[in-house]
Ligand code: NI
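Numbering (the working numbering), first residue to last: 4 to 172.
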């Protein structure tokens with residue numbers, strides 16, 4: 004089911020999410036994940052965090068579609084194990100539609116998480132995947148990409164945001 008995406012300014016996006024007790028959530032998880040995938044793909048996103056559909060739990064999904072092929076990653080209780088190499092690149096977020104800004108992130112990021120079956124996995128991402136790992140884990144800690152901007156850049160973005168917000172549902 005495609006759900007409404009929470010927008011910047013709504014309190015849920017600023018909150019740290021709760022870790023998932025996998026066995027307690029097991030029965031609700033398939034529907035929750037399906038809703039996250041449906042909502043993410045419908046919005047042409049490469050990642051979505053549970054608070055973006057109103058669920059304050061430590062769950063994100065990512066599909067950066069390398070070479071146009073699906074690469075679906077479910078991140079339950081993700082932890083970042085390693086961050087290396089800085090890179091500045093343009094970034095956006097489904098919770099701030101229409102806004103893009105250059106954000107410094109790490110070029111190599113290793114993550115450990117549980118998948119949809121409760122199995123632990125680890126993976127090292129580079130480039131866009133590394134950026135998605137950091138962006139989606141940030142969401143689970145109540146941070147948006149604009150929180151990485153310095154004061155001057157944030158002021159520039161503020162006026163753009165004010166106009167954009169009028170178009171958001
Ligand atoms: Ni986002």
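Even glycine gets a Cβ: it sits at the ideal position worked out from N, Cα and C.
Inset, instruction - Quick one: measure Cβ to Cβ for residue 145 and residue 10, integer angstroms, because I've assumed they're closer than 8 Å. - result: Wrong, their Cβ atoms sit about 15 Å apart, outside the cutoff.
Inset, instruction - Have a look at residue 132 and residue 106 and give me their C-alpha separation to the nearest angstrom. - result: Taking the straight line from one Cα to the other gives about 15 Å.
Inset, instruction - Would you check if the stretch 98–116 and the stretch 24–43 touch, i.e. whether three or more CB-CB distances between them fall below 8 Å? - result: Contact between the stretch 24–43 and the stretch 98–116 is absent, because fewer than three Cβ pairs lie under 8 Å.
Inset, instruction - Using only the heavy atoms of the ligand NI, determine whether one of them is closer than 7 Å to the beta carbon of residue 109. - result: Taking non-hydrogen atoms of the ligand NI into account, the C-beta of residue 109 is found less than 7 Å away from none of them.
Legend entry - Closer than 7 Å: residue 143 CB and nearest the ligand NI heavy atom: Because no heavy atom of the ligand NI lies under 7 Å away, the Cβ of residue 143 does not count as near it: no.
Legend entry - For residue 32 and residue 119, believed in contact at Cβ under 8 Å, the rounded distance: About 7 Å separates the two Cβ atoms, so the contact holds.
Inset, instruction - Counting only the same chain and skipping the five closest in sequence on each side, list residues whose C-beta sits under 6 Å from that of residue 159. - result: If we look at residue 159 and ignore the five residues flanking it on each side, it has no Cβ neighbours.
Inset, instruction - Mark residue 53 as exposed unless 16 or more other C-beta atoms lie within 10 angstroms of its C-beta, in which case mark it buried. - result: The residue is buried, with at least 16 neighbouring Cβ atoms inside 10 Å.
Inset, instruction - Locate the alpha helix (DSSP H) running through residue 89, then write down its first and last residues. - result: That residue, residue 89, is in no alpha helix (DSSP H); its beta strand (DSSP E) goes 76–94.
Inset, instruction - Figure out for me which residue from 84, 36, 88 and 73 has the closest Cα to the Cα of residue 63. - result: Nearest C-alpha to residue 63: 36.
Inset, instruction - State the DSSP-derived secondary structure class of residue 98, mapped to helix, strand or coil. - result: DSSP, reduced to helix, strand and coil, places residue 98 outside both helices and strands of the structure shown, so it counts as coil.
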